[in-house]
Amino acid sequence: MLVQQPHQNVLKGQARSETAFFTNTNRGSNNNGLHEQYQHAYEVPSAKTEPHLSQCTYLRQTVGYTQKAHIIPREEFHASVNALWNLIEDNPEVRSLFTKMLEQVPNAPPYDKSPTGGPRLRNWKDLLYAFNDQLARGPTWLYDTPGQQGLIGFPFNVLLNWSMSTPAGLLAFHRPDVNARLRDILTAYGRFLSSPASATVLNASPTGWLNPTALDAIVSTACRQTTTSSELDSTTDTTDPCPPPRPQFHDLFVSNPLHLTYGFASWDAFFTRRFRPGIRPFASPSDDSVIVNTCESRPIALERGLKLHDEFWLKGQPYSLLTILGASLASDTVVGKAEEEEEEEKENKELREAMRFEGGTLYQGFLGALSYHRWHAPVAGTVEKVRKIQGTYFAGCPGLASRRDTNGGGEERKLDPSAPDRSQRYLCQVGTRALVYIRARDKRLGTVVFVAVGMAEVSSCQVTVWEGDLVEKGEEIGMFHYGGSTHCLIFEPSVRLKFIDAVEQVDVKKRGNDLNLPVNGYLAEVVS
1 MLVQQPHQNV
11 LKGQARSETA
21 FFTNTNRGSN
31 NNGLHEQYQH
41 AYEVPSAKTE
51 PHLSQCTYLR
61 QTVGYTQKAH
71 IIPREEFHAS
81 VNALWNLIED
91 NPEVRSLFTK
101 MLEQVPNAPP
111 YDKSPTGGPR
121 LRNWKDLLYA
131 FNDQLARGPT
141 WLYDTPGQQG
151 LIGFPFNVLL
161 NWSMSTPAGL
171 LAFHRPDVNA
181 RLRDILTAYG
191 RFLSSPASAT
201 VLNASPTGWL
211 NPTALDAIVS
221 TACRQTTTSS
231 ELDSTTDTTD
241 PCPPPRPQFH
251 DLFVSNPLHL
261 TYGFASWDAF
271 FTRRFRPGIR
281 PFASPSDDSV
291 IVNTCESRPI
301 ALERGLKLHD
311 EFWLKGQPYS
321 LLTILGASLA
331 SDTVVGKAEE
341 EEEEEKENKE
351 LREAMRFEGG
361 TLYQGFLGAL
371 SYHRWHAPVA
381 GTVEKVRKIQ
391 GTYFAGCPGL
401 ASRRDTNGGG
411 EERKLDPSAP
421 DRSQRYLCQV
431 GTRALVYIRA
441 RDKRLGTVVF
451 VAVGMAEVSS
461 CQVTVWEGDL
471 VEKGEEIGMF
481 HYGGSTHCLI
491 FEPSVRLKFI
501 DAVEQVDVKK
511 RGNDLNLPVN
521 GYLAEVVS
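When we follow UniProt numbering, the leftmost residue of the sequence shown carries the number 1, and every step to the right adds one.
If you want it as structure tokens, here you go:
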């Protein structure tokens, strides 16, 4: 749901009132006192009384208990979870998909457990019991294994991970009715993560996000970056990403280490933390031909010669411009001839708009859960358009789906242990996303499109600029809430660009996997 919410932004020394875009915001939900609402009679330790309890341990106990007896009355469920329950129970097709997507996960290791080593849910009722309880629990720090590292901060993703790539899961998570119910659940979860109750996981215990190991991992991620400048287009790959003198968390980010939660009022405040001034300087601030990195991220793909249409659902996940930009979305509200003509004119306008970028260039990068999550303008110019597109939340690429059944028959294809990471190119075309069109001050650049894409429960995209706003290169234009995600920059076909080596070679040498391109760092420049 798109909700407009006033906020204050300071630009060029002047305060102004603007509008923020939130994906997961629903003022109509009855979520007051959400954390307290869910402190009912589970016979397992509660997050309120034992905030340092490992989430794996908690879920194992909770699921084991609910499998014996579903003690919590349905009327005590959150309304959003009840709505999904009713959809599954009342719709035979949806019930079949939710049943089969859990059954289609192979029983052999590693699929006999969740990717993080916790319990694997076997039926949809247990799944929704876990959903209901998770709504009042912040993510804990769990970072010992590759599976835990790949899904750190994403508890709903953990619950659904294996089933997302099954044939039934792919069908279920592409359904509009299922996504509407999931959107309401994630809206409620987002409200909790923005509340003071979620700050219980901001502590120095072994499973708290402020323990020395956690802070060190976040610092290491920020330090593991590519050296980017017009003179040096090479990667710096050292064993120690933070050579001496090694900075501390509070040296890099605006925070107060003397405060119990480092001064962060909620989980979301921690995840949308700001860098201290000077930590991420703008590359070539006076040279409009230089494009800076919009998000702190690692390179995923660089694609030239973009097609207007392509079969983006295939295993290779090609980009389809019409789909990314939302020009192929049909309206279901046309009721008469006048409305039909208006809709047709709108579609023609969107088609012409997308055709501007046919044959152009797309760069994609991924933000991990430990990264900085705010977006910054890649170029100086004028905001031409801002658009919000509702999409899917836990849908993976059909071309990557498992074909093997629970008995070992069918095609061998390993499930994504950090779903939907392997579907990132696909998600640009089906995921919930925000688009910001910027008409560059350097006329050679034309219009540049920034696409922020929500992944799984990280589906809240807040845009902090508006149509007609003037932005300087490196100026903040928005942020992801509640975790990491993926993003794209799209350029017109007439623009000739030279990217840094880490981007130019990412598809050839696979050099992007362990890199962190600094936000506002040198990304590319116009080649005359």
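For every residue, glycine included, the Cβ atom is placed at its ideal position computed from N, Cα and C.
Unbroken alpha helix (DSSP H) run spanning residue i, endpoints
i: Leu170; result: Pro167 to Ala172
i: Arg95; result: Pro92 to Glu103
i: Cys223; result: Pro212 to Cys223
i: Ile300; result: Per DSSP, Ile300 belongs to no alpha helix (DSSP H); it is in the beta strand (DSSP E), Arg298 to Arg304.
i: His250; result: Phe249 to Leu252
i: Ser163; result: Pro155 to Met164
i: Gln429; result: Gln424 to Val430
i: Leu193; result: Pro176 to Leu193
Option nearest residue i by Cα separation, candidates the options
i: Ser195; options: Ala354, His481 and Phe357; result: His481
i: Pro318; options: Leu445, Gly190, Tyr111 and Arg425; result: Arg425
i: Ala217; options: Asp112, Gly368 and Arg439; result: Gly368
i: Arg387; options: Val448, Lys349 and Glu467; result: Glu467
i: Phe98; options: Arg356, Ile72, Ala168 and Asn157; result: Ala168
i: Ser460; options: His487, Glu303 and Gly446; result: His487
i: Ala502; options: Leu523, Asp133 and Leu362; result: Leu523
i: Leu351; options: Pro518, Pro281 and Thr323; result: Thr323
i: Ser199; options: Gly305, Gly138 and Glu89; result: Checking the sequence shown, residue 199 turns out to be Ala, not Ser. Nearest option by C-alpha distance: Gly138.
i: Glu476; options: Leu127, Arg191, Leu308 and Phe275; result: Phe275
i: residue 531; options: Gly365, Pro247, Pro378 and Met355; result: Any answer about residue 531 is impossible in this case: the structure gives the chain only from 1 up to 528.
i: Ile300; options: Ala188, Leu427 and Val94; result: Leu427
i: Asn516; options: Arg224, Gly474 and Ala197; result: Arg224
i: Val465; options: Glu457, Ala456, Met455 and Gly478; result: Gly478
i: Leu210; options: Thr166, Leu260, Thr221 and Leu171; result: Leu260
i: Tyr189; options: Ser220, Leu170, Phe491 and Ala136; result: Ala136
i: Ala222; options: Gln248, Pro206 and Ala204; result: Gln248
i: Phe156; options: Val453, Ala108 and Ser114; result: Ser114
i: Ser485; options: Val451, Leu470 and Asn348; result: Val451
i: Gln462; options: Phe491, Pro518 and Thr432; result: Thr432
i: Tyr262; options: Pro212, Glu344 and Leu170; result: Pro212
i: Phe154; options: Leu170, Leu171, Thr166 and Gln134; result: Gln134
Range of the contiguous beta strand (DSSP E) that encloses residue i
i: His487; result: Thr486 to Phe491
i: Val436; result: Arg433 to Ala440
i: Glu76; result: Taken as a continuous stretch (DSSP letters only), Glu76 belongs to no beta strand (DSSP E), as it is neither H nor E.
i: Thr207; result: It is not in any beta strand (DSSP E) - Thr207 carries neither H nor E in the DSSP assignment.
i: Thr323; result: It is not in any beta strand (DSSP E) - Thr323 instead sits in the alpha helix (DSSP H) that spans Leu321 to Ile324.
i: Glu504; result: Taken as a continuous stretch (DSSP letters only), Glu504 belongs to no beta strand (DSSP E), being part of the alpha helix (DSSP H) at Asp501 to Glu504.
i: Trp375; result: Arg374 to His376
i: Lys125; result: Lys125 -> not in any beta strand (DSSP E); alpha helix (DSSP H) instead, spanning Trp124 to Gln134.
i: Phe357; result: Taken as a continuous stretch (DSSP letters only), Phe357 belongs to no beta strand (DSSP E), as it is neither H nor E.
i: Tyr522; result: Tyr522 to Val526
i: Gly478; result: Glu476 to His481
i: Lys385; result: Gly381 to Ile389
i: Phe450; result: Thr447 to Val453
i: Val463; result: Ser460 to Val463
Spatial neighbours of residue i in its chain, beta-carbon cut-off 6 Å, leaving aside the 5 residues before and after
i: residue 529; result: The shown model of the chain, from 1 to 528, leaves out residue 529, and the question about it has no answer.
i: Ser284; result: Val290
i: Leu182; result: Tyr393
i: Glu472; result: Ala380
i: Phe499; result: Ala524
i: Leu159; result: Ala130
Own chain residues within Cβ distance below 8 Å of residue i, not counting five before or after
i: Pro92; result: none
i: Phe264; result: Ala199, Leu202, Ser255, Phe270 and Arg273
i: Asp251; result: Arg276
i: Val495; result: Gly360, Thr361, Arg444, Leu445, Gly446 and Val526
i: Leu232; result: Bear in mind that a pLDDT of 36 at Leu232, under 50, signals an unreliable position, so the model cannot answer this.
Proximity test, residue i beta-carbon vs the ligand NAD heavy atom, cut-off 7 Å
i: Ala434; result: For the ligand NAD, the structure offers nothing, since it holds no ligand at all.
Beta-carbon proximity list for residue i, same chain, < 7 Å, skipping 5 on both sides
i: Gly305; result: Gly359
i: Leu302; result: Tyr363, Phe499, Val503, Glu504, Val506 and Asp507
i: Ile185; result: Ser80, Val81, Leu84 and Phe131
i: Ser266; result: Leu193, Ser194, Ser195, Pro196, Ser198 and Ala199
i: Gly33; result: Since pLDDT at Gly33 reaches only 33, below the 50 mark, its modelled position is unreliable, and no value is offered.
i: Met355; result: Leu308
So does the stretch 73-81 actually touch the stretch 94-108, counting three or more Cβ pairs closer than 8 Å? no
Using 8 Å as the cut-off, can you tell me whether the stretch 369-387 makes contact with the stretch 293-306, which would need three or more C-beta pairs spanning the two stretches below that distance? yes
Examine the Cβ distances between the stretch 172-183 and the stretch 82-98 and report whether three or more of them are shorter than 8 Å. yes
Taking 8 Å as the cut-off, does the stretch 375-384 touch the stretch 432-447 (at least 3 CB pairs, one atom from each stretch)? yes
Segments of 4+ residues assigned as alpha helix (DSSP H) that fall wholly inside the stretch 250-297: 267-271
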